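In terms of full-length UniProt numbering, the sequence shown has 345 at position 345, counting the first letter as 1, and numbering is strictly consecutive. Every residue, glycine too, gets a C-beta built ideally from N, C-alpha and C. A quick note: this is a predicted structure, and the numbers were derived from the prediction, not measured.
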Amino acid sequence: MNLRIRKFRARLLICLKFVFPIIVFHVVEIMIIFIFEESDTLYELNQCYLDELPGTISTNWSSNAGHEYLEDVLLSDIKPIPGRAIYFLETKCYSLNSQSHYLINLTARQTCSIESAALHNPNFQVFVLFANPKVIDPENPFLNIIRSYSNVHLRQLNIWRYVKDTPVEDWIVRDNKFISRFPTEHTSDLLRLLTVYRFGGIYMDMDVVVLRSMEDIPLNFMGAQITNVISNAVISLEPTGIGHEVGELFLREFQQTFNGTYYLFNGPMLIERVLAKICGTKSVIEMINNRERCHGVRLFDASAFFILQKLIYLFDPRMLNDGIEKTKNSYLIHLWNKGSQKCKLVGPSSTYGRYAAQNCPKTYAAAGHLF
């Protein structure tokens with residue numbers, strides 16, 4: 001009897017080892033939904049985003065010597081080379097009448113993300129795209145850091161121009177169906193899909209640290225966050241062929257199933273729905289282990305991008321060695337956005353601090369070790 005009980009306990013512990021992270025993830029997901037659903041306000045795109053600076057604000061900036069307007073990514077002479085670019089997006093929904101909100105104001109962590117991508121991928125262009133017209137402040141030290149990399153380009157995008165000749169053009173421009181309680185997040189969900197559909201390449205969230213080159217990874221990949229959850233924090237597609245077809249499927253799914261009141265529905269859950277159709281299975285493990293059934297779309301397991309699920313591995317100096325060991329084969333680390341904003345970093349004694357010092361050295365030096 002005792003042997004049978006011990007075997008049962010052993011099986012139970014093994015089960016909990018795999019199930020517990022899934023339970024934790026969904027508890028956090030529910031908490032996020034409640035946090036963000038405190039407001040019942042619904043926003044249309046034109047309440048958050050403009051196609052050009054308001055006249056009075058434009059006049060004011062014109063009188064400030066040294067301030068530059070960002071070029072439109074579609075109108076600029078330097079555009080993304082199809083399939084050879086990395087993209088970051090800034091989509092905050094600001095008060096459109098506030099002059100200060102038109103100045104680019106990147107944080108140290110965002111700058112670190114951009115610098116690390118540029119540093120490790122010198123043969124790729126790195127485009128930082130802003131969903132509103134923006135002005136460059138020449139006195140901003142973080143902007144000067146990322147502009148010191150010749151492969152980094154800061155651009156604005158006009159959402160209504162950006163959707164032209166895409167599957168969601170009529171839905172956005174004519175039907176005006178994009179109405180959301182989470183305009184910043186849902187606009188980001190849409191624009192990352194539009195970007196890889198238009199140009200191909202690699203989209204990544206602006207709360208990562210890139211640890212090594214991604215130039216030689218065949219395009220058409222995404223990453224699993226845990227064993228049954230796919231993330232949209234990293235999305236790579238080819239500009240033609242199956243990659244472009246998958247991009248079209250993503251956009252059509254976005255239009256057909258858009259839900260402006262549910263935080264995650266148009267992002268990670270959309271990726272899961274489309275990949276389930278492409279791969280013929282809802283099993284994330286099957287998608288990871290059998291690329292052929294996904295028609296060439298590769299789903300990395302969590303070790304590639306999301307292996308550090310707990311903030312303690314990122315910020316606690318006592319977990320430095322464990323954090324470094326866990327990420328020895330990772331392409332990047334992810335900081336979990338709002339989940340880590342209150343975790344301030346001092347010095348290189350944590351996993352994040354060590355990787356910041358190594359992979360975004362200019363940002364790390366300028367920030368004074370405090371991110």
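- By the neighbour-count criterion, in which 16 or more other beta carbons inside 10 Å mark a residue as buried, D165 falls on the exposed side.
- Two segments are said to touch when three or more pairs of C-beta atoms, one from each, lie closer than 8 Å; by this definition the region 193-212 touches the region 103-122.
- Residue pairing for V128: DSSP places it in a beta bridge opposite F88, L154.
- Secondary structure of Y69 (DSSP, three-state): strand.
- Between A302 and I202 a beta carbon distance of about 18 Å is seen, past the 8 Å cut, so the two are scored as non-contacting.
- For A224, the enclosing beta strand (DSSP E) begins and ends at 221-226.
- Inter-segment contact for the region 354-368 and the region 238-247 is absent: fewer than three beta-carbon pairs are separated by less than 8 Å.
- Collapsing the DSSP output to three states places S236 in a strand.
- I202: member of the beta strand (DSSP E) spanning 201-204, first to last residue.
- The DSSP assignment places 241-257, 268-279, 284-289, 311-315, 320-326, 351-359, 361-367 as complete runs of the alpha helix (DSSP H) inside the UniProt domain "Alpha 1,4-glycosyltransferase" (241-367), in order along the chain (cut-off: 4 residues).
- Per DSSP, reduced to three states, the secondary structure at S213 is coil, with no helix or strand assignment.
- Between Q156 and P133, the CB-CB gap stays under 8 Å.
- Under the DSSP definition of a beta bridge, I179 partners with E44.
- By the Cβ test, the region 168-181 is in contact with the region 42-50, since at least three Cβ pairs between them sit closer than 8 Å.
- Taking a cut-off of 8 Å on C-beta distances, the region 223-240 does not touch the region 144-153, as fewer than three cross pairs fall below it.
- In the three-state reduction of the DSSP assignment, S188 falls in the helix class, which pools H, G and I.
- Taking C-beta separations shorter than 8 Å and ignoring five residues to either side along the sequence, the partners of D72 in its chain run R155, Q156, L157, N158, R161, following chain order.
- Residue state for S116 is assigned as helix, using DSSP reduced to three classes.
- By the CB criterion at 8 Å, V135 and F88 fall outside the cutoff.
- For the pair of segments examined, the region 76-88 was found to touch the region 192-200: the number of CB pairs separated by less than 8 Å reaches three.
- With fewer than 16 other beta carbons inside 10 angstroms of its own, H295 counts as exposed.
- For Q110, same chain residues with a beta-carbon under 6 Å away, outside a window of 5 residues either side, are M206 in chain order.
- Burial check for I324: the Cβ neighbour count within 10 Å stays below 16, so the residue is exposed.
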